[in-house]
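In what follows, a single structure is set out as structure tokens and then discussed.
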Amino acid sequence: MAGIIRNILQCRLCSRFSNVSCRQFLTRTTFTLRNSQQILMRTLTTKYSQDIILYEYQRHGFYKILGLATLSQLVFWSYMSYVMYAYIRPATQMLQEHALKDRTAENQNELKEFKYFPKFLLDSKMQTGLSIASLGMGVLFFFTGCIYALRSVNQLVLIRNGARIIVRTYTPFGTAKQFSVPLADVSCLGSRLDEKPFFVFKIKNHRFYYMIDKRGQFLQPTLFDTTVGLKRWNV
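Residues 21 to 255 (the working numbering) are what the sequence shown spells out, left to right.
Have a look at this one:
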């Protein structure tokens, strides 16, 4: 009987101890969360004496070369489209006319200009398709280069009021363009501490994502993590 009473008392003490431990743990967790929220809100509402550069990556030379390369691709493929339509296309018409005429020496000399062309290029449908495809290829190269430059971040600046940031990106020919957005409209989809070579962030009401290359300099890493580096679910 004494053993049973002893076991009951031990169970009650254990239960009381576990309840106290749980309460202490919940209290500490709540206190930590409140402190984190206060620190975060203090960071977001702090007004600084001057603008602060959070991130910077200077690659103007690379984007100049990229712009010239994509522009040359557009010119090359546009010229190929023109050649396909303006010079090779008449060969089909000449062959059709030759089939209706006699085989004279004059016609034979005209046909010598096209004897080295593959036969499938003498089809009018194939010529039209290749002409459109060549033009589309050039436009695709140029459009991809422009989008890559316009979405690559050159610099991120936190404005002194702490509520807006300035985003500077590149143009297709190496210069820089900038715009200002509210900090609440920026949502980061990655981390500067993971193993990927870059990460992206989204701006509200902007179609494409913006890319941050990790080879750049994070001049204020802690401030970057508490401002631009946050994921905001409402964006």
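Ideal Cβ positions, reconstructed from N, Cα and C, are used throughout, including at glycine. Keep in mind it's a predicted model, so treat the numbers as computed, not measured.
Quiz item: Considering only C-alpha positions, which residue in the set SER69, LEU74, LEU155 is nearest to TYR102?
Solution: LEU155
Exercise. State the Cα-Cα distance for the pair ASN225 and PHE244, rounded to the nearest angstrom.
Key: ASN225 and PHE244: Cα-Cα distance of roughly 22 Å.
Quiz item: Nearest-angstrom Cα distance between LEU213 and PHE219?
Solution: Distance between the alpha carbons of LEU213 and PHE219 is about 10 Å.
Quiz item: Would you report the Cα separation of ILE179 and ILE73, rounded to the nearest angstrom?
Solution: 9 Å
Quiz item: Roughly how many whole angstroms lie between the Cα atoms of MET104 and THR148?
Solution: 8 Å
Exercise. Pull up the CB-CB distance for GLY81 and PHE193, whole angstroms please, since I reckon it's below 8 Å.
Key: No, GLY81 and PHE193 are not in contact; Cβ-Cβ is about 11 Å, not under 8 Å.
Quiz item: Which of the three DSSP states, helix, strand or coil, is assigned to ALA169?
Solution: The three-state reading of DSSP puts ALA169 in helix, counting H, G and I together.
Quiz item: Hey, would you say THR246 sits closer than 8 Å to PHE161, going by beta carbons?
Solution: no
Quiz item: Would you call ASN254 buried or exposed, if buried means 16 or more other Cβ atoms sit within 10 Å of its Cβ?
Solution: exposed
Quiz item: In whole angstroms, what separates the C-alpha of LEU94 from that of LYS222?
Solution: 29 Å
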